[in-house]
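Going by the numbering used here, 752 is the number at position 268 of the sequence shown; the sequence numbering is gapless.
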Amino acid sequence: MILVTGATGTVGREMVERLPADLRVRLMAREPAKLTGALPTAEKAVGDHEDPQSLARALRGVRTAFLVTTRVAGDDDARFLRAAHMAGVQRVVKLSAAAVLDHRADDLITRWQRANEELLRDSGMEWTLLRPRAFMSNCLSWATSTRSARTVRALYGTSGNACVDPRDVADVAVRVLTEEGHAGRAYTLTGPEALTAVRQTEELGRLLGVPLRFEELSPDEARAALARRYPAPVVEALLQSAQRQRAGAKAGVDDTVATVTGRPAGTFRAWAEDHLAAFAPVTDPARS
């Protein structure tokens with residue numbers, strides 16, 4: 485039995501569509517009713533890291549688990565790993581982050597990921613770490629401004645990031661969960677090239693057939709925008725991460741997606757083509 489946690493999340497929902505139909509799969513989410521595209525044979529389980537009994541039920545009979553947690557600075561990983569060990573789980577594949585490899589990265593999120601990786605390595609279970617760069621889908625945060633004002637607003641628009649298609653992360657995760665030979669490995673996952681937000685804006689404009697304007701945010705403007713979505717400690721961690729990107733820390737490209745899946749990593753253009761409707765500007769007769 486394979487357990488996929490975070491099955492309604494960015495990577496989890498892509499995995500749901502890729503898991504082979506002949507496998508015994510259980511999908512865990514706080515709200516399983518939101519699961520879409522799931523295999524008809526897949527079991528669905530309510531799972532809450534703050535509810536040990538729900539974890540025990542979700543992990544019953546599981547041999548291999550995919551672990552993703554998002555509550556920064558919480559102890560969700562520790563709770564899950566404790567429950568997994570008690571349930572007899574043999575292997576855990578954890579979604580981490582590429583930043584853990586950067587010795588200059590000392591923000592809250594990266595420290596949390598490093599600590600959680602260490603917990604897994606010390607758990608006594610087989611482990612594999614997936615360390616993706618930023619997801620291409622993060623650009624969906626621009627959708628509102630591209631639709632309403634044909635504008636992308638972002639911080640440090642000329643700094644490169646080798647962002648990765650979350651579908652590639654899901655493909656790698658499925659391979660690692662269903663194949664042998666990945667125990668004790670840590671995989672850094674990137675896209676095929678480092679792109680700046682300015683170049684991504686230009687690419688979106690070409691695909692949409694309308695010019696999009698890039699507007700550089702100041703650090704204070706970015707802080708205010710992020711504060712509408714995240715608590716203050718996470719906001720500061722994200723701003724520190726952006727500073728590292730400005731210094732070139734996120735521009736490195738890795739070929740792991742191709743090595744594990746046997747095909748090249750997807751391009752930003754391909755991802756954007758498949759999600760173009762989200763960015764399409766609202767028709768404004770006055771601007772025609």
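Virtual Cβ for every residue (Gly too), placed ideally from N, Cα, C.
| query | Would you report the Cα separation of residue 542 and residue 680, rounded to the nearest angstrom? | reply | Taking the sequence shown and counting its residues from 1, the one referred to as residue 542 is at position 58. Taking the sequence shown and counting its residues from 1, the one referred to as residue 680 is at position 196. Straight-line Cα distance between these residues: approximately 41 Å.
| Just checking my contact of residue 487 with residue 550 at CB under 8 Å: how many whole Å lie between their CB atoms? | Looking up residue 487 in the sequence shown gives position 3. Looking up residue 550 in the sequence shown gives position 66. The pair is a contact, with the Cβ atoms about 7 Å apart (cut-off 8 Å).
| task | Return the CA-CA distance between residue 546 and residue 701, expressed in angstroms with no decimal places. | result | As a first step, residue 546 must be located in the sequence shown, where it is residue number 62. As a first step, residue 701 must be located in the sequence shown, where it is residue number 217. About 46 Å.
| task | Rounded to whole angstroms, what's the CA-CA distance from residue 705 to residue 597? Just pull it up for me. | result | Taking the first residue of the sequence shown as 1, we reach residue 705 at position 221. Taking the first residue of the sequence shown as 1, we reach residue 597 at position 113. Taking the straight line joining both Cα atoms gives about 27 Å.
| query | In chain order, what residues of the same chain have a beta carbon less than 7 Å from the beta carbon of residue 621, not counting five sequence neighbours either side? | reply | Position 137 of the sequence shown holds residue 621. Counting only Cβ-Cβ distances below 7 Å, and skipping sequence neighbours, we find 494 and 650.
| Out of curiosity, what's the CA-to-CA distance linking residue 633 and residue 685? | Along the sequence shown, one-based indexing puts residue 633 at 149. Along the sequence shown, one-based indexing puts residue 685 at 201. So the two alpha carbons sit approximately 13 Å from each other.
| From 512, 608 and 730, residue whose alpha carbon lies closest to that of residue 642 | If you number the sequence shown from 1, residue 642 lands on position 158. Among 512, 608 and 730, the Cα nearest to that of residue 642 belongs to 730.
| field | Start and end residues, alpha helix (DSSP H) containing residue 513 | value | Position 29 of the sequence shown, counted from the first residue, corresponds to residue 513. The continuous stretches of alpha helix (DSSP H) do not include residue 513, which lies in the beta strand (DSSP E) extending over residues 509–513.
| request: For the alpha helix (DSSP H) containing residue 778, list its first residue and its last residue. | output: With the chain covering only 485 through 772, there is no way to say anything about residue 778.
| Would you call residue 578 buried or exposed, if buried means 16 or more other Cβ atoms sit within 10 Å of its Cβ? | Locating residue 578 in the sequence shown gives position 94, counting from the first residue. Buried, because 16 or more other Cβ atoms sit within 10 Å of the Cβ of residue 578.
| message | Check for me: the beta strand (DSSP E) holding residue 635 runs from which residue to which? | response | Counting from one through the sequence shown, the residue named residue 635 turns up at place 151. For residue 635, the uninterrupted beta strand (DSSP E) run begins and ends at 635–639, by DSSP.
| field | residue 752 - DSSP class collapsed to helix/strand/coil | value | Position 268 of the sequence shown, counted from the first residue, corresponds to residue 752. Correct three-state label for residue 752: helix.
| message | Assuming the contact rule is C-beta atoms closer than 8 Å, residue 539 and residue 564 should be a hit. Round their C-beta distance to whole Å, please. | response | Against the sequence shown, residue 539 aligns to sequence position 55. Against the sequence shown, residue 564 aligns to sequence position 80. Taking a contact as a CB-CB distance under 8 Å, the pair residue 539 and residue 564 counts as one, their CB atoms being some 6 Å apart.
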